[in-house]
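**Student:**
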Amino acid sequence: MTDALPTTHPLADGRTAGSRLVRALRGDRPETLPVWFMRQAGRSLPEYRDLRVGKAMLDACLDPALASEITLQPVRRHGVDAGIFFSDIVVPIKLAGVDVEIVPGRGPVLGSPVRTASDVDALGRLEPEALAPISEAVARTVAELGSTPLIGFAGAPFTLAAYLVEGGPSKDHIRARTMMHADPETWSRLLDWAADVSGAFLRAQVLAGASAAQLFDSWVGSLSRADYVERVAPHSATALSHVADLGVPRIHFGVGSGEVLADMATVGGHAEAVDAVGVDWRLPLDEAVRRVGTGVTVQGNIDPAMLAAPWEVLEAHVRAVVRRGGVARAHVVNLGHGVPPETDPDVLTRVVELVHSLGDGTDGTDGTGDTDGTDQARSAAA
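Each step along the sequence shown adds one to the number in the numbering used here, with nothing skipped, and position 245 is 252.
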């Protein structure tokens with residue numbers, strides 16, 4: 008299906024088609040495990056902090072040269088197997104005319120929440136020309152990355168809707184969940200809008216050169232399984248469908264998603280919509296594979312808290328993650344959430360070196376020849 012991509016796209020011209028990341032997402036196991044980190048581009052890097060002086064977050068996201076440079080910084084420093092486009096999940100809603108800013112120390116805050124049918128009616132369209140800064144930033148980045156793939160991303164409709172309804176960050180998203188049941192028609196129209204905005208944002212990144220696409224559902228853990236399946240998953244499937252014809256691998260990640268992980272792997276009843284599921288730190292990867300089956304790749308799930316632990320503790324944890332990931336059809340090593348801002352960058356570099364030293368992750372050992380039952384777990388998962 009890559010025929011739908013521009014002929015100069017890194018997947019179409021072969022630059023990234025054989026990369027470790029793309030191979031793993033498509034179900035192959037390269038000889039060396041691929042590794043990248045969510046939020047690798049950003050606050051943990053001193054070079055990032057230097058660039059951001061005097062620049063608001065959303066302004067940085069919409070400056071193509073700056074967004075590109077920030078995306079490239081961790082690839083240069085850590086030797087990771089992919090770049091993740093530097094942006095924010097609220098960028099597309101801002102480009103669609105929503106009054107939103109990212110307040111330091113708090114997160115996205117809206118000028119006025121979206122809580123009624125008339126509020127939803129007033130939401131604007133995301134015009135293609137508004138995405139020009141995104142396309143330019145991606146194109147600049149891909150030109151520098153060469154054979155290293157870039158991952159595009161977008162926020163899932165529920166997470167965007169939660170911000171829109173709550174008016175900002177929330178611990179329990181109770182207004183959003185109330186709207187879901189109290190006014191299901193308005194809720195559905197809001198998620199339709201969010202799905203199309205996120206999908207357009209994702210498509211623009213892929214057409215400009217991203218070799219994979221990840222949909223983030225940061226707040227999915229606040230939902231019951233029934234609510235997710237009936238009132239959220241179909242809209243996430245719509246967002247992902249915006250890149251279905253382009254043939255790029257698609258990753259679906261949610262925080263606190265253990266109870267709905269299998270549903271995220273077959274989002275909206277469309278198993279072909281997802282090539283990989285991201286697993287947060289709460290669920291061991293072999294248990295995740297038991298829940299989702301062996302038809303998808305798993306991504307994760309180093310506990311971000313471990314990055315500040317003594318090296319021997321972190322090393323043992325990374326080796327355990329790799330062992331457990333050995334039961335999956337393929338494994339992309341990552342964190343179970345984003346890089347904490349206080350992380351020592353040298354620790355991330357050392358983790359990349361460790362992962363790359365462990366082969367393809369399927370030998371059932373920790374790299375020293377000691378097994379922990381992974382072979383039996385792999386048989387059970389299959």
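All residues carry an ideal CB built from backbone N, CA and C; glycine is no exception. Small disclaimer: the values here were computed from a predicted structure and weren't measured.
Go through its chain and collect everything with a Cβ distance to A215's Cβ below 6 Å, but skip five positions before and after it.
**Tutor:** So the list reads S142, V145 and A146, once near-sequence residues are dropped.
**Student:** Decide yes or no for the touch test of the stretch 45-59 against the stretch 338-358: beta carbon pairs closer than 8 Å, at least 3 of them.
**Tutor:** These segments touch.
**Student:** Over what stretch of residues does the beta strand (DSSP E) that includes Q221 continue unbroken?
**Tutor:** Taken as a continuous stretch (DSSP letters only), the beta strand (DSSP E) holding Q221 covers A219 to D224.
**Student:** Roughly how many whole angstroms lie between the Cα atoms of A244 and A283?
**Tutor:** Their backbone Cα atoms lie some 14 Å apart in a straight line.
**Student:** Mark V60 as exposed unless 16 or more other C-beta atoms lie within 10 angstroms of its C-beta, in which case mark it buried.
**Tutor:** It is exposed - the Cβ of V60 has fewer than 16 other Cβ atoms within 10 Å.
**Student:** Would you mind working out which of T78, P71, I100 and A150 sits nearest T23, comparing C-alpha positions?
**Tutor:** Nearest C-alpha to T23: A150.
**Student:** What are the uninterrupted segments assigned as beta strand (DSSP E) that are 3 or more residues long and contained completely in the stretch 156-225, given in chain order?
**Tutor:** Segments of the beta strand (DSSP E) lying fully in the stretch 156-225: 157-162 and 219-224.
**Student:** As a quick exercise: from L102, T350 and A169, pick the residue whose alpha carbon is nearest that of L65.
**Tutor:** Per the Cα distances, L102.
**Student:** Just to check my reading of the structure: A220 and G159 have Cβ atoms closer than 8 Å, yes? What is that Cβ distance to the nearest angstrom?
**Tutor:** Indeed they touch by this definition, with Cβ atoms about 5 Å apart.
**Student:** By the DSSP assignment, the beta strand (DSSP E) with R336 in it spans what residues?
**Tutor:** First-last for R336: undefined, no H or E at that position.
**Student:** When burial is assigned at 16 or more other CB atoms within 10 Å of the CB, is G285 buried or exposed?
**Tutor:** When all chains shown are included, G285 counts as buried.
**Student:** Where does the unbroken alpha helix (DSSP H) through Q47 begin, and where does it stop?
**Tutor:** Neither: Q47 is in no alpha helix (DSSP H) and is coded neither H nor E.
**Student:** Count the other CB atoms, across all protein chains shown, that sit within 10 Å of the CB of T15; report buried if there are 16 or more and exposed otherwise.
**Tutor:** T15 comes out exposed.
**Student:** Return the first residue and the last residue of the alpha helix (DSSP H) that E283 is part of.
**Tutor:** Before going on, a small fix: residue 283 reads as Ala here, not Glu. Careful: A283 lies outside any alpha helix (DSSP H), inside the beta strand (DSSP E) at A283 to G285.
**Student:** So, does the CB of W43 fall closer than 7 Å to a CB anywhere in chain B?
**Tutor:** Considering every chain present, this structure includes no chain B. It has just one protein chain.
**Student:** Quick check on the DSSP output: the beta strand (DSSP E) that includes G114 runs from which residue to which?
**Tutor:** Taken as a continuous stretch (DSSP letters only), the beta strand (DSSP E) holding G114 covers G114 to L117.
**Student:** Quick one: what does DSSP say R147 is sitting in, helix, strand or coil?
**Tutor:** Helix at R147.
**Student:** In three-state DSSP terms, what is E76?
**Tutor:** In this structure, E76 counts as helix in the three-state DSSP scheme.
**Student:** Buried or exposed for T193, please, with buried defined as at least 16 other CB atoms from any protein chain shown within 10 angstroms of its CB.
**Tutor:** So T193 ends up on the buried side.
**Student:** State the DSSP-derived secondary structure class of G90, mapped to helix, strand or coil.
**Tutor:** In this structure, G90 counts as strand in the three-state DSSP scheme.
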